[in-house]
Amino acid sequence: MHCTMFPSTGLVGEFSTFTFVREIATGGQGTVFVARLPSGEEVAIKAIRLQLEVTEEERQSRISHLEEAMKTVKALNHPNIVRHFHTAYYNVAPSVTDTPRFYITMELCKGSLSREARKRPINGFYLQKWAKEMLNGLAYLHASRIVHRDLKADNVFLTSDDPASCTLKIGDLGDIKHLMDSFQPVSESRGTYAHMSPEMIRGTISSHHAVFQKTDIWSFGCILIEMLTGELPQFINRQTPTGVPLLYKGRGCEMPIMFFVGKGGRPEIQEQWPEAMKAVIQQCLEAEPDHRPTAAKLLESVLIKGAPPVWNRGGLTTSISVEGLHMSPCPSIQMLSDAEKLSQFSVVKAIAFGSYGMVYHVKMKDGEDRAMKMVPLDPVDKDLKDNVKAVQKVMKTMTALTHRNIVSHFYSGIMDSSPLSTSRHFYISMELCHGGILSHTLRRIDPIDGSTLRRWTRDVLSGLAFLHEKHIVHRTLNAYNVLLSSESLDTCVLKIAGLCDCKPLLGSITGPQEVAVIQRFLMSPEMINGSVSPEFNIGRKTDIWNFGLLLIEMLTGRVPRFVYRTLDGKTEHQCATSQEIMFFVGCGGRPQIEGTWPRGWRDMISRCTQINPVTRPTAMDLLKNLSGAGDRRFDGLLRRSSSSNECLIS
1 MHCTMFPSTG LVGEFSTFTF VREIATGGQG TVFVARLPSG EEVAIKAIRL QLEVTEEERQ
61 SRISHLEEAM KTVKALNHPN IVRHFHTAYY NVAPSVTDTP RFYITMELCK GSLSREARKR
121 PINGFYLQKW AKEMLNGLAY LHASRIVHRD LKADNVFLTS DDPASCTLKI GDLGDIKHLM
181 DSFQPVSESR GTYAHMSPEM IRGTISSHHA VFQKTDIWSF GCILIEMLTG ELPQFINRQT
241 PTGVPLLYKG RGCEMPIMFF VGKGGRPEIQ EQWPEAMKAV IQQCLEAEPD HRPTAAKLLE
301 SVLIKGAPPV WNRGGLTTSI SVEGLHMSPC PSIQMLSDAE KLSQFSVVKA IAFGSYGMVY
361 HVKMKDGEDR AMKMVPLDPV DKDLKDNVKA VQKVMKTMTA LTHRNIVSHF YSGIMDSSPL
421 STSRHFYISM ELCHGGILSH TLRRIDPIDG STLRRWTRDV LSGLAFLHEK HIVHRTLNAY
481 NVLLSSESLD TCVLKIAGLC DCKPLLGSIT GPQEVAVIQR FLMSPEMING SVSPEFNIGR
541 KTDIWNFGLL LIEMLTGRVP RFVYRTLDGK TEHQCATSQE IMFFVGCGGR PQIEGTWPRG
601 WRDMISRCTQ INPVTRPTAM DLLKNLSGAG DRRFDGLLRR SSSSNECLIS
């Protein structure tokens, strides 16, 4: 259907005409539908119904209010806010059963947070990513002196249906209020009762912007609950006349919830949630607005900001992790697995989470401590069966690996539900390393003894040589994928982890599109520019490049520096972003090798970071180079310079 909808507005160009595509939603205020512009771009158009019974003067007042509010909304420009383009008033009803409409043209978002939460509870990587994006948008609104007042999962959108590639955007800004210094409290109720703050319900909102914005923080806390559970927040009233607690949950309980919250109640916080998450939610749901943090302050929290995990007793991590996640002991969990030894375990605590899911410290039925990775399974993935088979095929290879410098993988299986999750997950049981990840250790020890560095280097090379002997290329070797077997630096053994991301090579090696979890600036030149050779002996040299960069981090406690001279040849420039480093390395650049490093380590790093993979040594060659009797080139007490990546010999 072709429509010319805006004849009385004076609008010109492609927004003056559109083709109706489909309806998205219908509500009390009107209808939202997808429209195609003459350029072919699809947008969302909200058609707000205007009452026929009101006088023309009242209708114009309403239109003026909407247009004034939309001036502010259209001026917003932020990646986590839905863009609003144009508005128009059409004063002739399309049919005798319809009313005049006020039209708002917006950016089209193909997914919604509420729909994703209804599919399955959101946790791990997506919980952190989307919470951070929501807070970024919220902080931008508040800095612009705007309060949403109706923040809920239904009003938070995703740019696509693919959670892995989408961006979260706050929308439905039609009812926001631009806060001027002279703003007076608004007494009318706006918002959804399950997400509405006590001050909104009571009509006691402060006219001070810094306080008024805290009503959005309350709503954000409620959204976190919805993401964790896949359901609206539940409320338990324990102060009933009969003494019997009453549960208010879901739609149909709006009025009891309103009174309960207005009198000081708040959503129920469940004990089994991660401690860090509970702490953030509790802060957001403080009864007094003054006690709630700002969106900007929440962005600095450990949960949202994302920090490496705390390794009190060790475990396995992935490249994206969070600090402070601890789980209360949980009941035994039944596994669907071919291995009876994996049939039951109890959770001790959460260790970390990454792009592939959560990792827990668990205790097996026989009392043994293990690390357990919990990988979510997408129920709507049409290739789920094939993907699980592919993972199980990799796991079959991993469980067959036995080496002192490789993290052992024991069993794997699928679980339909558990106290930790109501959706299906793929579980991997692994060796628990109590010393944590190498990256954290390197940042806290200074000086490092040359003999210790030599021992640790031998451990990594021994594990790498073993993998290559088995025709396995790691491809994501870095300091986050190397674990310490114990907390004692004198006796610990380094073990290579992250093997679930590697692939047994059957005569070929795949290109960089197969690399899932890797610090991109650590990739070898051939991985960056797509020139990986199908020959295995060349393919494994990508691990040698990564080992050379790992060695720099072991020497300095920091990631490698990449420095080049500008065109005039007089000025040195250090690459500052991962994109800049990747371009530099892909064009033939190498990491900086400092002259202050011991000669043995300089030579080894130089050999490992040759641009031509053919000229790089094998892991076995490097092991032999380390084992020379009486070779003093690697010895000495190494101190790191605090101002650079220099490593000095004492």
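Per UniProt numbering: the sequence shown ends with 650, consecutive numbering throughout.
Just so you know, even glycine gets a beta-carbon here, dropped at the ideal spot from N, CA and C.
Per DSSP, reduced to three states, the secondary structure at I496 is strand. Segment contact: the segment 231 to 243 against the segment 294 to 302, fewer than three CB-CB distances shorter than 8 Å; contact not assigned. Burial state of E271 is exposed, judged by a 10 Å Cβ sphere holding fewer than 16 other Cβ atoms. DSSP places A69 in the helix class (H, G or I) of the three-state scheme. Of the candidates G588, V585, P274, S606, S606 places its Cα closest to the Cα of G595. If you look at E469, you'll find it in the alpha helix (DSSP H) that goes 450 to 469. E572: member of the beta strand (DSSP E) spanning 572 to 574, first to last residue. Taking C-alpha positions only, T615 is separated from N625 by approximately 16 Å. Taking 3 residues as the shortest admissible run, the segment 74 to 133 contains the following complete beta strand (DSSP E) segments, listed from N- to C-terminal end: 84 to 90, 101 to 106.
According to the DSSP assignment, H409 belongs to the beta strand (DSSP E) that extends over 409 to 415. In the DSSP assignment, K46 forms a beta bridge with V32, I104. The alpha-carbon separation between E133 and F157 amounts to approximately 11 Å. The Cβ atoms of L499 and L438 do not sit closer than 9 Å to each other. Linking A75 to Q344 through their CA atoms gives a straight-line distance of about 56 Å. In this structure, E526 sits near P613, with a CB-CB distance shorter than 9 Å. Annotation for N625: the continuous alpha helix (DSSP H) segment containing it runs 619 to 626.
The beta carbon of Q283 sits closer than 7 Å to the beta carbons of R292, P293 from its chain, once the five residues preceding and following it are set aside; these are given in chain order. Each residue's CA atom was taken as its position, placing N136 and G264 some 28 Å apart. Just so you know, the alpha carbons of P598 and A576 end up roughly 26 Å apart.
The DSSP-derived three-state label of F562 is coil. An exposed status is given to R238, since fewer than 16 other beta-carbon atoms sit within 10 Å of its beta-carbon.
By the 16-neighbour rule on beta-carbons within 10 angstroms, P245 is exposed. About 6 Å separates the beta carbons of N80 and K169, which is inside the 8 Å limit, making them a contact pair.
For L168, no alpha helix (DSSP H) encloses it; the enclosing beta strand (DSSP E) starts and ends at 168 to 170.
Residue L127 holds the alpha-carbon nearest to the alpha-carbon of S114 among N387, L127, R458, A69. In the three-state scheme derived from DSSP, where H, G and I count as helix and E and B as strand, E553 is classed as helix. DSSP places S606 in the uninterrupted alpha helix (DSSP H) bounded by 599 to 608. Here N77 is exposed, its C-beta having fewer than 16 other C-beta atoms within 10 Å.
When beta bridges are read from the DSSP output, S429 appears opposite M372. One thing to note: H425 has its Cβ no nearer than 9 Å to the Cβ of V347.
By the neighbour-count definition (other C-beta atoms within 10 Å, threshold 16), H409 is a buried residue. Only buried fits K46, as 16 or more other CB atoms lie within 10 angstroms of its CB. Residues P233, P267, I281 of the same chain have their beta carbon placed closer than 7 Å to that of I225, with the five preceding and five following residues left out of the count. In this structure, M430 is the residue among M430, L228, M415, D161 with its C-alpha nearest to the C-alpha of A371. Rounded to whole angstroms, the gap between the alpha carbons of L464 and Y411 is 22 Å. A distance of 9 Å or more separates the beta carbons of Q592 and V559.
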